[in-house]
Amino acid sequence: MQLLHMHILFPLHKKKKKMFIFEGKLLLLLTSFIFISLINTTTTFAQPDFLYSFCQNAENYTANSTYQKNLNTALSTLPTTNNGFGFYNFSTSQGNDTVYSVSLCRGDINLDVCQSCLNDSIVKLRQVCPNQKEAFAYYDYCMLKYSNQIILGTTGTRFYTRGNPRNITDIDGFNGALAPLLRKLRVEAAAGGPLKKFASDNTSGPGFSTIYGLVQCTPDLSEQQCSNCLESIINRIVEYLDGKQGGRILLPGCNFRYEIYRFVNQSARVSPPPPVSQPIPPPSSPIQPPGKKNNTTRTMIIITSVVIVILIIIITSLCIITRFRKKRKQITPPTASESIQIGTVESLQYKFGVIKAATNNFSDDNKLGRGGFGTVYKGTLEGGNQIAVKRLALDSGQGDLEFKNEVLLVARLQHRNLVRLLGFSIEGSERLLIYEFMSNGSLDQLIFDRTERTSLDWERRYNIIKGIAKGLLYLHEDSRLRIIHRDMKASNVLLDLQMTPKIADFGMARLFKYEETQGDTSRIAGTFGYMAPEYAMHGQFSVKSDVFSYGVLLLEMVTGQKIHGFQNRNGVEDLVSFAWKKWRNGTAIDIIDPTLKRGTCSLRDVIRSIHIGLLCVQENVNDRPTIASIVLMLNTFSITLPVPSEPPFFMRSNIDPEMPPLQEYNSRSRSSQISVNQVSMSDFLPR
């Protein structure tokens, strides 16, 4: 196909015409082969009998009743509701008979197998449970449940278990390897987010064996609900599966499986659904004849295959025609600076007058705060949506197109623990950045206020601590760009209405020109006290610089006091130094916020958090854990923490934290200026 493109783009010489005709025939043969292959593969979608099915006989419905009509509607619509990762959810209510339906595909299968499994389940479960209002069933690849009771947010109580008929000889060794694997997978799956809660991995078993495992929850469950559900069924292994080479326990809300052979598909993943999804027509009767079901399934798949092949041919033809026309018109390829689609960028641009009106002409009454790069204002758009507007203090030195492209890159960095950049505005030398508005303000306004911090019990503080770590993990490892924040502190963490923490100012450095390399800078930007020693003293930064700042912030969350001005019996001392001394002496409880001691929190968990904070603020960069390790430490209490080494003692308590003391730690030059700007730094490596 690539050769065909090349011949069409350039004038065809007589010597090449035969080759062109041959390649055209080859394309037709290849298309026919794909079409025939797609049809032949339809026989692989047939599903075996259910692993387990259950019909709730407490309530039945009658033929042609309102409930049956609602059930027909729900099950015909359900396959069109894929959330993108194999979870389907639909409810309908006409009259008083509400029908709830959900389906979950195993997280390691691809979309066509998932859809086929669901379609087969809908037909077969209606046959097995012809008039029951509640029923659910498990295939190996999917689960289906419908009921007249609310399903979302529940795990169910009726479970199914199946064990491998073969037994193991070294039970203790096997369980010793299996238990950590399932605990690890439980944590990973529970933290999976609102779209997919699935994890799979393997570990070495006794002898030369390998144990493969997977766990999964329906993504509507919260992290805690998923973790509790999995823990409850994993704890049943001793009762139902002890001594078995493999087994599984299934609940409607969660399930797990393990074997000593590879049963997990590592390469295939459930993909987001296609743009247009054709719903299954409502069944004319609850029971469909088995022969007719097979014919219907085959017909649907053949039609889908034909449509796919036709679309491929049309798209290929359009691409060929477009490239041919471009060649004839001799359009030069775009330069690197023009490669971005301006239409996409422009969709993020706000009119300056609109933002000016939203902030009441940037009035002081709407001012939320001021940083080194500008002032932040609260704004209200005409529709009533509230925004936060950062009015940049100085021209960045960039052209309009460069600025727009930078904004687009930052706007694409989206995570539930990052403040979302909504867009920008340009007029003359004015540069505005528009962010989502956070109703609960910044973390420092709560945690450092004696009255306000009483509303932050340990559970809420711990969720904030974990949320900040997840946001940093996204910036360091999972985003399109590897971003080093460089100014991680309480005032740069904002809280939404649900008290979800969101890191702010994580992409500002991309919008400004600095004389910097990937690991060295001649201009230090940050806040004294939060800066790692190698950064403050030598200008060397890395992801471990953010880890140091995060450790300081964690200690502040536990104590309720700022890094500077920590009060103790001997006067005023630096918080990191004081926490280290107390932890080393076994009296870390002395630095815990008194409001936490009066609550119901576990002091052991609080002291463990102090331990993690001290690991983050170690002087040696290599000794500090990565943010990925920190997330694991915060979510898994069974991990043994290493002993932290002594933190750096370059900070003095008699220094005004608002005045960066150059003489204290700037070894480069007395003329260098330490900035207290809210700045982050991006590693310009695409991910």
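Adding 131 to a residue's 1-based position in the sequence shown gives its number in the working numbering. Every residue, glycine too, gets a C-beta built ideally from N, C-alpha and C. Predicted model, so just to flag it, every value in this text is computed and none were measured.
Can you pull the DSSP bridge partners for residue i?
| i | result |
| --- | --- |
| Phe504 | Its beta-bridge partners do not exist; DSSP assigns none. |
| Ile342 | Thr334 |
| Phe267 | Phe185, Lys276 |
| Arg522 | Thr506, Leu563 |
| Glu558 | Glu561 |
| Leu625 | Ser573, Lys633 |
| Cys348 | Lys328, Cys385 |
| Leu552 | Tyr566 |
| Glu390 | Tyr343 |
| Lys375 | Asn298 |
Run through DSSP, which three-state label would residue i get?
| i | result |
| --- | --- |
| Arg611 | coil |
| Leu539 | helix |
| Thr631 | coil |
| Ile473 | Only weak support exists for where Ile473 lies, its pLDDT of 33 falling under 50; the value from the coordinates is given anyway. Helix, per DSSP. |
| Ile511 | The question names Ile, but residue 511 is Thr in the sequence shown. In this structure, Thr511 counts as strand in the three-state DSSP scheme. |
| Gly323 | coil |
| Thr463 | The predicted model places Thr463 with a pLDDT of 33, which falls under 50 and marks its position as unreliable, so this point remains unresolved. |
| Phe164 | With a pLDDT of only 44 at Phe164, under the threshold of 50, the placement of this residue in the model should not be trusted, and no figure is reported. |
| Ser494 | coil |
| Phe679 | helix |
| Leu312 | helix |
| Ile380 | strand |
| Gly660 | coil |
| Val233 | strand |
| Gly294 | strand |
| Gly602 | helix |
| Gln356 | helix |
| Glu777 | coil |
| Lys620 | coil |
| Gln545 | coil |
| Asn516 | coil |
| Lys482 | coil |
| Gly284 | coil |
| Leu772 | coil |
| Leu763 | helix |
| Ser803 | Reliability of the predicted coordinates at Ser803 is poor, the pLDDT of 31 falling under 50, and the value obtained from them is presented with this limitation in mind. Coil, per DSSP. |
| Leu685 | helix |
Kindly indicate which residue of the options has the alpha-carbon position closest to the one of residue i.
| i | options | result |
| --- | --- | --- |
| Tyr277 | Leu206, Leu309, Tyr270, Glu590 | Leu206 |
| Ala600 | Gly287, Leu549, Arg584 | Leu549 |
| Thr271 | Ile565, Gln356, Ile694, Ser234 | First, the amino acid is wrong: residue 271 is Asp here, not Thr. The shortest Cα separation from Asp271 among Ile565, Gln356, Ile694, Ser234 belongs to Ser234. |
| Ile240 | Arg289, Gln258, Phe216, Lys255 | Phe216 |
| Ile257 | Gly307, Gln199, Ser222, Thr223 | The residue you asked about is not Ile; residue 257 is Arg in the sequence shown. It is Gln199. |
| Thr300 | Gly377, Asn195, Ile439, Ala635 | Gly377 |
| Cys348 | Ser340, Asn359, Thr341, Phe339 | Asn359 |
| Ser335 | Ser363, Tyr661, Asn306, Cys357 | Asn306 |
| Pro819 | Asn298, Phe185, Ser252 | Given that the chain is displayed from residue 132 to residue 818, the structure contains no residue 819 and the question cannot be resolved. |
| Gln355 | Arg611, Pro325, Leu275 | Pro325 |
| Glu750 | Gln576, Asp618, Gly682 | Gly682 |
| Ile770 | Glu777, Pro778, His742, Pro779 | His742 |
| Asn492 | Thr757, Arg522, Lys315 | Arg522 |
| Asn497 | Gln517, Val437, Glu513 | Gln517 |
| Lys315 | Ile720, Val244, Phe768 | Phe768 |
| Arg293 | Ile364, Ile694, Leu242, Asp228 | Ile364 |
| Lys728 | Val689, Ile758, Ala759 | Val689 |
Just to confirm, is the Cβ distance from residue i to residue j under 8 angstroms?
| i | j | result |
| --- | --- | --- |
| Gly384 | Leu352 | yes |
| Asn386 | Arg379 | yes |
| Ala123 | Leu532 | There is no way to answer for residue 123, as the model of the chain reaches only from 132 to 818. |
| Tyr183 | Tyr291 | yes |
| Val507 | Leu563 | no |
| Asp332 | Leu312 | yes |
| Gln629 | Phe555 | no |
| Gly744 | Ile578 | no |
| Asn623 | Ala322 | no |
| Val774 | Ser673 | no |
| Val230 | Leu249 | no |
| Pro664 | Pro779 | yes |
| Ile615 | Gly638 | no |
| Tyr269 | Leu381 | yes |
| Ile596 | Leu686 | no |
Indicate whether at least one CB of chain B lies closer than 8 angstroms to the CB of residue i.
| i | result |
| --- | --- |
| Leu746 | The chain labelled as chain B is not found in the depicted structure, where only one protein chain is given. |
Can you list the beta strand (DSSP E) stretches of 3 or more residues lying completely in the stretch 174 to 219, in chain order?
183 to 191
Go through the stretch 692 to 758 residue by residue and report every complete run of the alpha helix (DSSP H) that reaches 4 residues or more, in order.
706 to 715, 725 to 728, 734 to 747
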